[in-house]
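S.K.: One structure follows; several queries about it will come next.
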Amino acid sequence: MAEKVCLQPCLGLRKEAVLARQALYVVHEDMMPDQTVLGCGPALNANVQEDVDFIALYPVLSVEACELDCAAKLIQKKGERAARTLRIPELVRELGVSIEALPEEHIDTDDPAVQAVAARIAEHARELLSQP
Amino acid sequence: MAQEQEFKVAVLPCNGIGRLVSTVVRLAGYKIRAMRPDQVVLLSSGRLAVKEPEHLAAFERYPVLVIDGCRPRCASFMCDELGKAPAARLYVADVAAQRRLPIAGEKRRGLTEKGRRLVDALAERAVEEIDRIIADEMLSAL
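In structure tokens:
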């Protein structure tokens, strides 16, 4: 079983990407600090050793803001594959969260939408941790 | 008839997630676009890293202002990787030092007024560069 999961967001500019980013801070800092690492896309692209190690050592949960799947593609570019890919548009549909109602550039981590998305991402991370 | 020229700058903030300065850079990017909506094309480092065609086209078409948050200077790396010399580069620590704006105690998940002062300073500095780059482009076209 894996020791940790690497959370790898696409880090785009759209609202869904901001929601993902904020939710991942909640997962990593509040919910699963010892069981997750937070992968930084631009650092991985620049071959920063810590981020290269993250995707080599741990199963990667890529969190995407749209269908372009930029985080998963970046992981492939660096020779690895995401163990699981979550897409925020699908996640918010399942959760009944209205993207339109969320602010554009910054969403507080206390926002119920951020908390709901974080809880769902954490469920997926725990599933990955439990896999042999 | 001469083709109308479009004077714009592509702004590439690193948009990382790991550090406090990542949040400063990200929010400055939006502010820069709001301050110069007709002159700025805001690029997503995530899309550019995987060469998403629309972003790559804007990157290639316009002069680029790079904004690096932390020491690996990942946005600069991306520019180098794609074979383009930026028209200007900004580094958050330089702006923080010049304007004497410490952000110790701030949190990456959300800034207070203290952190937002650095966002504002970075955006103002970026807009100075954008205005200079566009003036240079316009004068060079005459």
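In the order they appear, the protein sequences are chains A and B.
Position one of the first sequence corresponds to residue 12 (my numbering), numbered consecutively onward.
Position one of the second sequence corresponds to residue 2 (my numbering), numbered consecutively onward.
Ideal placement from N, C-alpha and C gives every residue a C-beta, glycine not left out.
For clarity, every value in this text was computed on a predicted model and none was experimentally measured.
(1) DSSP puts residue 14(B) in a beta bridge; with which residues?
(2) Three-state secondary structure (DSSP) at residue 73(A)?
(3) Could you name the residues of the region 68-80 of chain B whose beta carbon sits closer than 7 Å to any beta carbon of chain A, in the order they occur along the chain?
(4) Is there a C-beta anywhere in chain A that falls below 7 Å from the one on residue 117(B)?
(5) Pick helix, strand or coil for residue 1(B), following the three-state DSSP scheme.
(6) Is the region 64-78 of chain A in contact with the region 71-88 of chain B, if contact means three or more CB pairs nearer than 8 Å?
(7) Residue 116(A) to residue 56(B), Cα distance in whole Å?
(8) Classify residue 112(A) as buried or exposed, calling it buried when 16 or more other Cβ atoms lie within 10 Å of its own Cβ.
(9) Chain B partners of residue 23(A), CB-CB under 7 Å?
(10) Is residue 136(A) close to chain B, meaning its C-beta is less than 7 Å from at least one C-beta of that chain?
(11) Please find out if some non-hydrogen atom of the ligand COA comes closer than 6 Å to the beta-carbon of residue 30(B).
(12) Of all the CB atoms in chain A, is at least one closer than 7 Å to the CB of residue 19(B)?
(13) For a contact meaning CB atoms closer than 9 Å, what does residue 85(A) contact in chain B?
(14) Under a CB-based cut-off of 7 Å, is residue 92(B) close to chain A?
(15) Give the residues of chain A in contact with residue 28(B), contact being defined as C-beta atoms less than 7 Å apart.
(16) Please state if the CB of residue 93(A) and the CB of residue 86(A) are separated by a distance shorter than 7 Å.
(17) For residue 1(B), does the three-state DSSP call read helix, strand or coil?
(18) Consider the Cβ of residue 31(B): report whether some Cβ of chain A lies at a distance smaller than 7 Å.
(19) Among 118(A), 47(A), 114(A) and 75(A), which residue has its Cα nearest to the Cα of residue 138(A)?
(20) With residue 22(A) and residue 19(B) assumed to form a contact (beta carbons below 8 Å), what rounded beta-carbon distance in angstroms separates them?
(21) Which residues in chain B sit within 7 Å of residue 103(A), going by Cβ to Cβ distance?
(22) Between residue 2(B) and the rest of its own chain, which residues show a CB-CB distance below 8 Å, the 5 nearest in sequence each way excluded?
(23) Examine chain A for any beta-carbon lying closer than 7 Å to the beta-carbon of residue 37(B), and answer yes or no.
(24) Mapping the DSSP letters down to three states, classify residue 131(A) as helix, strand or coil.
(25) Which residues in the same chain have their Cβ closer than 7 Å to the Cβ of residue 63(B), if we skip the five residues on either side of it in sequence?
(26) Around the Cβ of residue 142(A), are there at least 16 other Cβ atoms within 10 angstroms (buried) or fewer (exposed)?
(27) Using a Cβ-Cβ cut-off of 7 Å, state whether residue 110(B) counts as contacting chain A.
M.R.: Put simply:
(1) Start at 1 with the first residue of the second sequence, and residue 14(B) comes out as number 13. Note: residue 14(B) sits in a beta bridge opposite 68(B).
(2) Numbered from its first residue, the first sequence carries residue 73(A) at position 62. Here residue 73(A) sits in strand by DSSP.
(3) 73, 75, 76, 78 and 79
(4) Along the second sequence, one-based indexing puts residue 117(B) at 116. No, residue 117(B) does not count as interfacial toward chain A.
(5) No answer is possible for residue 1(B): the residues shown for chain B start at 2 and end at 143.
(6) no
(7) Translated into the one-based positions of the first sequence, residue 116(A) becomes position 105. Translated into the one-based positions of the second sequence, residue 56(B) becomes position 55. Each residue's alpha carbon lies about 19 Å from the other.
(8) Taking the first sequence and counting its residues from 1, the one referred to as residue 112(A) is at position 101. Residue 112(A) should be labelled exposed.
(9) Here the question's residue 23(A) lines up with position 12 in the first sequence. Residues of chain B passing the Cβ test: 45, 47 and 48.
(10) For the purposes of this step, residue 136(A) is identified with residue 125 of the first sequence, where counting begins at 1. By this cut-off, residue 136(A) is not an interface position.
(11) In the structure shown, the ligand COA is absent, as is every other ligand, since no ligand is present at all.
(12) Here residue 19(B) corresponds to residue number 18 of the second sequence, with the count starting at 1. Output row for residue 19(B): interface = yes.
(13) Taking the first sequence and counting its residues from 1, one reaches residue 85(A) at position 74. Ordered by position in chain B, the residues that pass the 9 Å Cβ test against residue 85(A) are 47, 50 and 51.
(14) As a position in the second sequence, residue 92(B) is number 91, starting the count at 1. By this cut-off, residue 92(B) is not an interface position.
(15) Numbered from 1 along the second sequence, position 27 holds the residue referred to as residue 28(B). Chain A residues near residue 28(B): 116 and 117.
(16) Residue numbering aside, residue 86(A) sits at position 75 when the first sequence is read from its first letter. Residue numbering aside, residue 93(A) sits at position 82 when the first sequence is read from its first letter. Contact: yes.
(17) Residue coverage of chain B in this structure runs from 2 to 143, which leaves residue 1(B) outside it and unanswerable.
(18) Taking the second sequence and counting its residues from 1, the one referred to as residue 31(B) is at position 30. Yes, residue 31(B) counts as interfacial toward chain A.
(19) One-based indexing of the first sequence puts residue 138(A) at position 127. Considering only alpha carbons, the answer is 47(A).
(20) The residue labelled residue 22(A) in the question sits at position 11 within the first sequence. The residue labelled residue 19(B) in the question sits at position 18 within the second sequence. Contact flag wrong, Cβ pair sits at about 10 Å.
(21) Within the first sequence, the letter at position 92 stands for residue 103(A). Within 7 Å Cβ-Cβ: nothing; residue 103(A) doesn't reach chain B, min ~19 Å.
(22) By one-based count along the second sequence, residue 2(B) stands at place 1. Per-residue confidence for residue 2(B) stands at a pLDDT of 47, beneath the threshold of 50, marking its modelled position as unreliable; the derived number appears in the next sentence. Contacts found: none.
(23) Taking the first residue of the second sequence as 1, we reach residue 37(B) at position 36. Answer no: the Cβ-Cβ gap between residue 37(B) and chain A never drops below 7 Å.
(24) Counting from one through the first sequence, the residue named residue 131(A) turns up at place 120. In this structure, residue 131(A) counts as helix in the three-state DSSP scheme.
(25) Counting from 1 along the second sequence, the entry for residue 63(B) is found at position 62. If we look at residue 63(B) and ignore the five residues flanking it on each side, its Cβ neighbours are 9, 10, 11 and 42.
(26) In the first sequence, the residue the question calls residue 142(A) occupies position 131. Result: exposed.
(27) Start at 1 with the first residue of the second sequence, and residue 110(B) comes out as number 109. Yes, its Cβ sits closer than 7 Å to a Cβ of chain A.
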